[in-house]
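A short write-up of the structure that comes next.
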Ligand SMILES: NC(=O)c1ccc[n+]([C@@H]2O[C@H](COP(=O)([O-])OP(=O)(O)OC[C@H]3O[C@@H](n4cnc5c(N)ncnc54)[C@H](OP(=O)(O)O)[C@@H]3O)[C@@H](O)[C@H]2O)c1
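In the working numbering, the protein residues as written are 319 to 598.
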């Protein structure tokens, strides 16, 4: 709706919440969405990186994003974040569940879970559940690395027993794709989609010297290119998208069978809900 002076009223603009917005793909997506006119909420875990990201969004778009802090390694942070977002906004047009990390050594969180499955799956699962009645569309940053996943919904901590970073990471990304498909079945009012951004030069995995050197030397995608499908999924007319679908380069892609099994997705939902203390 256009205001009396010809400007679009703030409350008439879409509100987009981006997690993992302090860097990489999330920050690039936030900048592009703000440039296109959306109101932005940036979620990150580090206050100073969040401030810097907010300044970058402002400089690139003129938009002054709101910022909220939460560490997904702590489920109480996620619960508090959901409460704060609910208090601030009646409607979230797009929730971009993008935060994620590859965890190089076995870590058990304060909540008792392997860190990759918690930060990359359980925390965004909890956030989405606590906000679902306010969200119109959800876009999840998944990965082609789901091919390394060995998800057992009844044993979410299995990767801790013989820890391999890529297996733990791939398992959490397999969970992202299954979660998106099951969310589409359970929440018909929310358009739920996930995507693989390609291999993107970000801070991802840079605690590993090998990954950091690879990130610098290999001809990888820019964060802006990696964010393209997120921005596209946030903007496409819903009638043109497959609910619960997995996308790459703005096209639907079939994930591996282990990430496309509806029974596995339903079991994952039940055990994830129990893990974070939600009703199944
Ligand atoms: N880069 C790739 O090639 C690639 C490929 C496929 C999928 N992905 C996915 O893309 C998404 C974004 O990654 P990126 O490549 O942009 O990496 P990045 O530059 O490291 O950004 C990751 C973002 O997630 C946040 N984050 C990490 N752990 C968190 C935690 N415990 N609590 C809250 N926030 C946390 C980071 O916050 P801080 O600033 O505090 O670290 C940062 O904002 C991830 O889900 C990743 O799995 C990346």
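Think of the CB as a built atom: it goes at the ideal place given N, C-alpha and C, for glycine as much as any other residue. Owing to the predicted nature of the structure, the values given are computational and were not obtained by experimental measurement.
- By the neighbour-count criterion, in which a residue is buried when 16 or more other Cβ atoms sit within 10 angstroms of its Cβ, residue 356 is buried.
- Of the heavy atoms belonging to ligand 1, none sits nearer than 8 Å to the Cβ of residue 564.
- Distance from residue 342 to residue 521 at the Cβ level is roughly 6 Å; contact confirmed, criterion being Cβ atoms closer than 8 Å.
- Contact between residue 405 and residue 361 is ruled out by a C-beta separation of about 15 Å, above the 8 Å threshold.
- Looking at the DSSP output, residue 453 sits in a beta bridge with 410.
- Secondary structure note for residue 570: its beta strand (DSSP E) is the uninterrupted segment 569-571.
- The beta carbon of residue 596 lies closer than 6 Å to those of 447 in the same chain, with the five residues before and after it left out.
- If you check the CB distance, residue 495 and residue 460 come in under 9 Å.
- Within the model, the alpha-carbon separation for residue 331 versus residue 377 is close to 19 Å.
- Its chain contains 431, 432 as the residues whose beta carbon lies nearer than 7 Å to that of residue 475, once the 5 sequence neighbours on both sides are disregarded; these appear in chain order.
- Judged by their CB atoms, residue 562 and residue 515 are not nearer to each other than the 9 Å cut-off.
- Measuring C-alpha to C-alpha distances from residue 567 to each of 462, 440, 434, 419 identifies 462 as the nearest.
- Distances between the C-beta of residue 491 and the heavy atoms of ligand 1 include at least one below 8 Å.
- Here residue 428 carries a coil assignment [DSSP, helix/strand/coil].
- The beta carbons of residue 349 and residue 375 sit about 5 Å from each other, so the pair counts as a contact at 8 Å.
- By the neighbour-count criterion, in which a residue is buried when 16 or more other Cβ atoms sit within 10 angstroms of its Cβ, residue 500 is buried.
- Taking a contact as a CB-CB distance under 8 Å, the pair residue 414 and residue 347 counts as one, their CB atoms being some 6 Å apart.
- Distances between the C-beta of residue 495 and the heavy atoms of ligand 1 are all 8 Å or more.
- A distance criterion of 8 Å places the beta-carbon of residue 444 beyond contact range of ligand 1, judged by its closest non-hydrogen atom.
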